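Everything below concerns the one structure shown next.
2 protein chains.
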Amino acid sequence: MNEPLSEAPSIAPLSDSELALFNRWWHAANYLSVGQIYLMANPLLREPLQLDHTKPRLLGHWGTTPGLNFLWLHLNRVIRARDTSVLFIAGPGHGAPGIVASTYLEGTYSEYFPEVSQDLEGLGRLMKQFSFPGGIPSHAAATTPGSIHEGGELGYSLSHAYGAAFDNPDLVVACVIGDGEAETGPLATSWHSNKFVDPATDGAVLPILHLNGYKIANPTVLARIAPRELAALLRGYGYDPIFVEGHDPDPMHQKMAAAMDLAFDRIAAIQKAAREDGKTERPAWPMIVLRSPKGWTGPKEVDGLRTEGYWRSHQVPFSDMTHPGHLQALETWLRSYRPEDLFDESGRLFPEIAALAPVGTKRMSANPHANGGQLKRPLRLPDIADYAVAVTSPGHETGESTRVMGAWLRDVMKLNLESRNFRVLAPDENNSNRLNAVLEVTNRAWNAETLDYDDHLARDGHVMEILSEHTCQGWLEGYLLTGRHGFLSCYEAFIHIVDSMVNQHAKWLKTAAEVPWRRSIASLNYLLTSHVWRQDHNGFSHQDPGFIDHVINKKAEFVRVYLPPDANTLLWTTAHCLQSWDRINVIVAGKQPEPQWLGLDDAIRHCEAGIGIWEWASNDKGGEPDVVMACAGDVPTLETLAAVKLLREHAPDLKVRVVNVVDLMTLDSPSQHPHGLDDASFDALFTLDRPVIFAFHGYPQLIHKLIYRRANARNFHVHGFREEGSTTTPFDMVVRNHLDRFHLVSNVIDRVPGLATRAAYAKQAIRDKLVDHARYIAEHGRDMPEIEAWRWS
Amino acid sequence: MNEPLSEAPSIAPLSDSELALFNRWWHAANYLSVGQIYLMANPLLREPLQLDHTKPRLLGHWGTTPGLNFLWLHLNRVIRARDTSVLFIAGPGHGAPGIVASTYLEGTYSEYFPEVSQDLEGLGRLMKQFSFPGGIPSHAAATTPGSIHEGGELGYSLSHAYGAAFDNPDLVVACVIGDGEAETGPLATSWHSNKFVDPATDGAVLPILHLNGYKIANPTVLARIAPRELAALLRGYGYDPIFVEGHDPDPMHQKMAAAMDLAFDRIAAIQKAAREDGKTERPAWPMIVLRSPKGWTGPKEVDGLRTEGYWRSHQVPFSDMTHPGHLQALETWLRSYRPEDLFDESGRLFPEIAALAPVGTKRMSANPHANGGQLKRPLRLPDIADYAVAVTSPGHETGESTRVMGAWLRDVMKLNLESRNFRVLAPDENNSNRLNAVLEVTNRAWNAETLDYDDHLARDGHVMEILSEHTCQGWLEGYLLTGRHGFLSCYEAFIHIVDSMVNQHAKWLKTAAEVPWRRSIASLNYLLTSHVWRQDHNGFSHQDPGFIDHVINKKAEFVRVYLPPDANTLLWTTAHCLQSWDRINVIVAGKQPEPQWLGLDDAIRHCEAGIGIWEWASNDKGGEPDVVMACAGDVPTLETLAAVKLLREHAPDLKVRVVNVVDLMTLDSPSQHPHGLDDASFDALFTLDRPVIFAFHGYPQLIHKLIYRRANARNFHVHGFREEGSTTTPFDMVVRNHLDRFHLVSNVIDRVPGLATRAAYAKQAIRDKLVDHARYIAEHGRDMPEIEAWRWS
Ligand SMILES: Cc1ncc(C[n+]2csc(CCOP(=O)(O)OP(=O)(O)O)c2C)c(N)n1
Ligand SMILES: Cc1ncc(C[n+]2csc(CCOP(=O)(O)OP(=O)(O)O)c2C)c(N)n1
Ligand SMILES: [Mg+2]
Ligand SMILES: [Mg+2]
């Protein structure tokens, strides 16, 4: 590690007059930031500051803001000089006062929100609305022009940035990473995204580590390791860092201007080498480390305590404006930026300062990629009919549903390869999840070392695999938010790893839907497979169906859950999801060989409705059923049908209705979810008073939660995952959780009035079967032949 | 980066005879591993291998196993040579065949499971039971002696290792990290744990990066970057890596022996420098990089395809034993280890090989820290009475609940400082969550650079703060699993980041409870604060109460959820949780000033029951209520009481009963949760037929899910979080979600039969209040004075 630190070259790219202008822009942005946090009147301090000009509740984050403003300004210089397209991502999204200020200075803000005009009145609105009821939130949310990243939950900036850069060869994504954010796991691994970017066909990401030394109330790790250690870490991550350090504005402007030039020169050189000279070696991409004080230019001390360059400037450096000296301190602080030199009489930014911004869509605040919906094109989708499994009679054929769907997915990839707007992602599970067909038409993205016996690795591959659910999710979100499409498959249990990321995306979708100028983006599509019931190689840790519970807490408009029971229903569902917008679609389906129930026509009818009676499995037509056997999920469907067959033998007179649910949200009440069945239809299916034995893929209480308002709610008896698992046989998994055919039948016998006495022998026979089962598997290590060979017909 | 790679010194510490023995141990471990995956009979191949000696379902993971076996063997050498205490953590817990084999070779396995004896019969059982119904699971689960880490969900090995090492100065935790696992976010950031370890008072972690090049079906990033880049990365993480590379066993044994010596010498030197010479600079801790083939010593090719040193050896290198050649290949593979040289006639490991293991508790399989419950000591807890808030009458006083509790927590820390068995953790939120009092008696753990103006940083601090929820969680789990205690506070919304880690811990607890020799460990205690209703500085991204939904899906025996409405109830709850074992305790409580309802005596009575009528707020005593106003959570309690007061004004005759819930699981039915109230008690509280207006902290459906079996379920009307939020006033948050007093009253009017017509004027007055509210906050940015100044009495 004797290599010298790569500092910004000691040249001074800015002339004195430019420097003066740069300071004025920066002052203007900082002034507006402080104003947003503190003021609700007197925006340009044309009167002496009074208590009632300040907000009663002082909310927001100052510490990160001057750094963000500084970077925005310097990126603007590069954009103008090179006519480049740059997307700005603020990891510390709590620096929204700065982002909003910058977009306002660029004019974009007023274009999107005309009432926040570029005059005194607009300035007043701009300041008052921030973190104010009915105004705008404290983070870089969907309301913020130019943003695709809220930055509320820290850790995802860099994976979002890479997601945005993929397949956008002309875009540079400048991604500011807080040094606190850099401590999060998702961020720490996302540096490695540079092994998945193709300098020829993808855009570039310029990470900017914002080393302001502090987080909320602690120093940061990266600021407190030796500079050489930090440099080694970043080089180890595959970057070539440029360090900009200091606090004196003038030299810092010069250093940053030089650093930006160097970084963009290097990016250009890397891209040229790959695009024109055919260079294939993975480059060390440039990045910038900005080491500057937290709360830069803010109050040095507050009430005698260190504030600038310290964690105390993280939020609002001082509040309680009635405290002696605070009002005065605020006025001094604000006036230090000399608002009279920044805004003219009418309250408009002086034109010579405004001229520092690029124009039109070159403004980062107006970059089209930041409102990706406006760039999106629908996918070209092959006809699912060409991939459908032929089903001669229900349950006769066997198929691996995800493999069938995988063939279709391959051709989705093929049809859209040229548009370069579709990616398939998985945390090292694409093949395990049996979606390997897609590798027939593309490769796995890989720009690290390759060996001759490698399997489908290529720099421009459109299958993305890294063993990080967080990174896959972050990439996909960034890709979708910039107007493209994707599909993520994951082991069901481990999708919980991204629970909180899904929360944040759902919140983004909800907020964006309320912003008139935000355009719809493609849905976030999940295939959860290797699911709880068939985690054969693994054990209890791999058995968890709770992601459904998690997502359905999100705003109903944006969430869909599908449990296709076989290949054709999975085909339909996947095709449906890939055509939808603004949704989070969760598909749960098995990858193991399993009986195929519905031919394509039946599958389409069934899936369009989302729920329905399976007539061929029912015997109550024309009358009322004695029991409704409901099922959702592939394994529960299998067990339900097996139970029905047992009932046929043991209680041939019993009228059984089989209802299968593909679209889980049909069960919810229509006031809660747009897919919720109206009560009349629901009652028609499930009756008003008959027992409903429901075999469910997930945790049983979920069904109760969905149907508690329904007339027949009390008669629902749900079998599902009871958190019992291990490495065992597939049938033993259902037995342990009482989801198996025998427990189902036994429950039918218990619940149908009058049946218990009649069916006492059947019940005993069934009990015996469970004993036989336990003995058999303990000896043979596989399920009883009658279970393995079971067929519906 | 011109520094030479630190390779293991080229000395050969092993004599020829040792080398021969080392190979035999390694062969024995590998033999038993392959045997566990494949065989159910003929364990020592004393007959020619037949199809029916093999398992019908071949489940498990071979690829990582030989490497784990190799490392175990070499760690044993160091342990014997130095009489050190070493805990083994296998990041790739799927390598359980190896771990189990090693613990069996050490004799521990047979001590814990006498039926798996050290003879032919025991060998047969050992092999058959693996991944077999009724046997043992495929991972290093709680059933595995010496394990505190299942290794099913990848990413937590290193944070677990550090958690185990804290305050265990005589322990070395050897942590094997898969190169795939290293790609996960949680693992990637956990390297930085070395900035939080004190060489003087903590133990050491020896990370061993298992660079076998592959994960399931892809190469790994770290194996495909230049060696210098990898070295830079690891040095950047603050380690001093020792590289052991190759595939030829003899030289590899020599290199690994030398590397282990070097690593343990360095650890000893670091500890001596800190403990005896008073050195305070953060050391670069040693670590080992083992670069060896995946599936080492396994089949080179299977069916003509590369297998050893490739991802194809990840799971079962070949299955379908009826496939031509497979049975033969298996026999050849097994015999390559020469079982006859390993086990004597009776099936016992030859004594000269067995002698390579340490004895007694020095065996890693018998390390007492791996069954931490047996080392645990209860905490010394101060009397909560000394910290209680005086409540002259309900709601009269105001207090910040978490701050009150923080004073108590400080003294918990103080009383147990000497025992060094209690840590308080937070992702940079300890002060924000108002637990800063604890810093009066200890510091924040910090072993990176410090500056003179730093705030309570010290190498041996017992408050742990890193901006990584994953790392905090992992440290705490490791600390608890090795017999100590802890308390983690977190913003409510962001605890979802560790959803999946909590799943895994809950699964561990459940499994461990079924293992007779596992002893109880201290509970995992959470304080979730800065909760959904009072995220004042932040917005929608910080508003999510769904963690409760997540945890209650776990096995009921292990999960508790508490919603103390004020400081004294929070005190009781916290003290209760810190005395419990084997639980996941979730406490949700606000940090903002709020009314205090119960004096300590009342608080204790209320909390012991977990739920109860607040008589002083009710007016139905002696009769039946017209309506039950139920509440759970601090803000809902406040709004409920405000609603009750409004009802007093507007409908003085209405008989209102107020029920407050602290222990959420009392609502669940007793068949589901041990805390569930029996139906008689539940019905007594909530009546059989009166409307229940329930103000709940979280998502409303959760209450419906808990109470769906109760007699009065249909009359529950739950108000809670509807996923509406932003940066706004506290009262506006409840209004947006209809949890405010006005919506509650309005719902009472709608639901109490006959009230609607009588209370039409009241309803209109209330509607008007909501209009006033909206106008007021939009103008003033704070809540109406009547809201801010509201008092119960
Ligand atoms: C995942 C997550 N954990 C905790 C927080 C609470 N939080 C908000 S800001 C902050 C500190 C951020 O520090 P840094 O990234 O360095 O940003 P900056 O210094 O630029 O403000 C924390 C811990 C969060 N927003 N997200
Ligand atoms: C978080 C998580 N995601 C995905 C998986 C599925 N999985 C099991 S093993 C494995 C590959 C592990 O590779 P590595 O860590 O290198 O282990 P080794 O090569 O030693 O087997 C994967 C992706 C998992 N167990 N955990
Ligand atoms: Mg910072
Ligand atoms: Mg590996």
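Listed in order, the protein sequences are those of chains A and B.
Quick note: the first sequence uses the working numbering, first residue 329, plus one each step.
Quick note: the second sequence uses the working numbering, first residue 329, plus one each step.
Using N, Cα and C, we set each Cβ at its ideal position, and we do this for glycine too.
Given the structure is predicted, the values throughout are model-derived calculations rather than measurements.
Distance between B:GLU481 and B:TRP942 (C-alpha atoms, nearest Å): Translated into the one-based positions of the second sequence, residue 942 of chain B becomes position 614. Translated into the one-based positions of the second sequence, residue 481 of chain B becomes position 153. Each residue's Cα considered, the two are about 45 Å apart.
Nearest to B:ALA532 (by Cα), restricted to the options B:ALA597, B:TRP925, B:ASP756 and B:ASP780: Position 204 of the second sequence, counting from 1, holds the residue named residue 532 of chain B. For B:ALA532, the nearest C-alpha among the options comes from B:ALA597.
Leaving aside the five residues before and after B:ALA834 along the sequence, list all residues of the same chain whose C-beta is less than 8 Å from its C-beta, in chain order. Within the second sequence, residue 834 of chain B is the residue found at index 506, counting from 1. Within the same chain, B:ALA834 has close Cβ partners VAL879, LYS882, LYS883, PHE886, VAL887 and ILE912.
Just checking B:ASP756 against ligand 3 - is the residue's beta carbon closer than 7 Å to any of the ligand's heavy atoms? Here residue 756 of chain B refers to the residue found at position 428 when the second sequence is read from its first residue. Outside the cutoff, so no.
Quick check: what's the CA-CA separation for B:CYS935 versus A:ILE1035? The residue you call residue 935 of chain B lines up with position 607 of the second sequence. The residue you call residue 1035 of chain A lines up with position 707 of the first sequence. Their backbone Cα atoms lie some 32 Å apart in a straight line.
Let me confirm a value: B:LEU845 is counted as buried when at least 16 other C-beta atoms fall within 10 Å, else exposed. Which label applies? Looking up residue 845 of chain B in the second sequence gives position 517. First, the residue type needs correcting, since residue 845 of chain B is Trp and not Leu in the sequence shown. B:TRP845 should be labelled exposed.
To the nearest angstrom, report how far apart B:HIS865 and B:LEU753 are at their CA atoms. Position 537 of the second sequence, counted from the first residue, corresponds to residue 865 of chain B. Position 425 of the second sequence, counted from the first residue, corresponds to residue 753 of chain B. When rounded, the separation of the alpha-carbon atoms in B:HIS865 and B:LEU753 is 22 Å.
How big is the Cα-Cα spacing for B:HIS520 and A:MET584? Your numbering for residue 520 of chain B matches position 192 in the second sequence. Your numbering for residue 584 of chain A matches position 256 in the first sequence. Whole-angstrom Cα-Cα distance: 29 Å.
Proximal chain A residues relative to B:PRO1174, where beta-carbon distance stays under 8 Å: The structure shown has nothing for residue 1174 of chain B, since chain B only spans 329 to 1121.
Are the stretch 371-385 of chain B and the stretch 404-421 of chain B in contact at 8 Å, needing three or more beta carbon pairs? Two segments are said to touch when three or more pairs of C-beta atoms, one from each, lie closer than 8 Å; by this definition the stretch 371-385 of chain B does not touch the stretch 404-421 of chain B.
What residues match up with A:THR726 in a beta bridge as DSSP calls it? Locating residue 726 of chain A in the first sequence gives position 398, counting from the first residue. BP columns for A:THR726 point to A:PRO923.
If you follow the beta strand (DSSP E) that A:THR994 is in, where does it begin and where does it stop? Within the first sequence, the letter at position 666 stands for residue 994 of chain A. Here A:THR994 belongs to no beta strand (DSSP E), and DSSP marks it neither H nor E.
Buried versus exposed call for A:GLY874 [16 or more other C-beta atoms within 10 Å across all chains shown]: Residue numbering aside, residue 874 of chain A sits at position 546 when the first sequence is read from its first letter. The residue in question, A:GLY874, is buried, as its Cβ has 16 or more Cβ neighbours within 10 Å.
Local Cβ density within 10 Å of A:PRO465, reported as buried at 16 or more and exposed below that: Taking the first residue of the first sequence as position 1, residue 465 of chain A is located at position 137. A:PRO465 should be labelled buried.
Is the stretch 414-423 of chain A in contact with the stretch 691-699 of chain A, if contact means three or more CB pairs nearer than 8 Å? yes
Report the rounded CA-to-CA distance for B:LEU795 versus A:GLU509, giving the unit in angstroms. Sequence index remark: in the second sequence, residue 795 of chain B carries index 467 (1-based). Sequence index remark: in the first sequence, residue 509 of chain A carries index 181 (1-based). Just so you know, the alpha carbons of B:LEU795 and A:GLU509 end up roughly 7 Å apart.
Sorted by chain position, which residues of the same chain lie with C-beta nearer than 6 Å to A:GLY463's C-beta, five sequence neighbours on each side aside? Here residue 463 of chain A corresponds to residue number 135 of the first sequence, with the count starting at 1. So the list reads GLN457, once near-sequence residues are dropped.
Once you ignore the five residues that flank B:ARG1050 on each side, which residues in its own chain have a CB closer than 6 Å to its CB? Counting from one through the second sequence, the residue named residue 1050 of chain B turns up at place 722. Contacts found: ASN1065.
Cβ of A:TYR565 less than 8 Å from any chain B Cβ? Taking the first residue of the first sequence as position 1, residue 565 of chain A is located at position 237. For A:TYR565, the nearest CB of chain B lies under 8 Å from its own CB, placing it at the interface with that chain.
On a Cα-Cα basis, can you pick out the residue from A:ALA979, A:ASP930 and A:VAL984 that is closest to A:ASN947? Here the question's residue 947 of chain A lines up with position 619 in the first sequence. For the residues A:ALA979, A:ASP930 and A:VAL984, the minimum Cα distance to A:ASN947 belongs to A:VAL984.
Do A:HIS538 and A:THR392 have their beta-carbon atoms positioned less than 8 Å apart in this structure? Walking along the first sequence from the start, residue 392 of chain A turns up at place 64. Walking along the first sequence from the start, residue 538 of chain A turns up at place 210. Cβ distance < 8 Å, so A:THR392 and A:HIS538 count as in contact.
Cβ-based neighbour list, B:SER997, same chain, cut-off 6 Å, excluding 5 preceding and 5 following: One-based indexing of the second sequence puts residue 997 of chain B at position 669. Excluding residues within five positions, the ones whose Cβ falls inside 6 Å are GLY1004 and ARG1037.
Proximity winner among B:PHE592, B:ALA1106 and B:LEU618, relative to B:LEU550 (alpha-carbon distances): Counting from one through the second sequence, the residue named residue 550 of chain B turns up at place 222. Of B:PHE592, B:ALA1106 and B:LEU618, the residue nearest in Cα terms is B:LEU618.
Does any C-beta atom of chain B lie closer than 8 Å to the C-beta of A:ALA545? Here residue 545 of chain A refers to the residue found at position 217 when the first sequence is read from its first residue. For A:ALA545, the answer is yes, since a Cβ of chain B falls inside 8 Å of its Cβ.
So the beta strand (DSSP E) A:VAL989 belongs to, where does it begin and stop? Reading the first sequence from its first residue, position 661 is the one you call residue 989 of chain A. That run of the beta strand (DSSP E) goes 984-989.
Contact set between the stretch 343-369 of chain A and chain B, restricted to residues whose Cβ is under 7 Å from the partner: Of all residues in the stretch 343-369 of chain A, only MET368 place a beta-carbon less than 7 Å from a beta-carbon of chain B.
Quick one: give me the first and last residue of the alpha helix (DSSP H) that A:MET649 is part of. Counting from one through the first sequence, the residue named residue 649 of chain A turns up at place 321. Per DSSP, A:MET649 belongs to no alpha helix (DSSP H) and is neither H nor E.
Using the Cα positions of A:PRO755 and B:GLU797, report the straight-line distance between them to the nearest angstrom. Taking the first residue of the first sequence as 1, we reach residue 755 of chain A at position 427. Taking the first residue of the second sequence as 1, we reach residue 797 of chain B at position 469. Going by the C-alpha atoms only, they are around 21 Å apart.
To be precise: take each residue of the stretch 914-929 of chain B, compare its Cβ to all Cβ atoms of chain A, and keep it if any distance is under 8 Å. Which residues remain? none
For A:GLN863, count neighbouring C-beta atoms within 10 Å of its own C-beta (all shown protein chains included) and say buried if the count is 16 or more, exposed if not. For this step, residue 863 of chain A is matched to residue 535 along the first sequence. Around the CB of A:GLN863, 16 or more other CB atoms lie within 10 Å, so the residue is classed as buried.
Sort B:VAL504, B:GLY506, B:PRO497 and B:ILE536 by Cα distance to B:ALA528 and report the nearest one. Locating residue 528 of chain B in the second sequence gives position 200, counting from the first residue. When each option's Cα is compared against that of B:ALA528, the closest is B:PRO497.
If the cut-off is 7 Å on Cβ atoms, which residues from the stretch 1085-1107 of chain B count as contacting chain A, listed in chain order? ILE1105 and ALA1106
Does the beta carbon of B:ILE794 come closer than 8 Å to any beta carbon on chain A? Along the second sequence, read from residue 1 onward, the residue named residue 794 of chain B stands at position 466. Output row for B:ILE794: interface = yes.
Using three-state DSSP, classify B:MET289 as helix, strand or coil. The structure shown does not extend to residue 289 of chain B, since chain B is modelled only from 329 to 1121, so the question has no answer here.
Kindly identify the DSSP beta-bridge partner or partners of A:TRP909. Stepping through the first sequence from its first residue, residue 909 of chain A is reached at position 581. A:TRP909 pairs with A:ALA850.
For the stretch 797-816 of chain B against the stretch 572-582 of chain A, do three or more pairs of beta-carbon atoms, one drawn from each stretch, fall closer than 8 Å, so that the two count as touching? As far as the Cβ criterion goes, the stretch 797-816 of chain B does not touch the stretch 572-582 of chain A, which means the pair count is below three.
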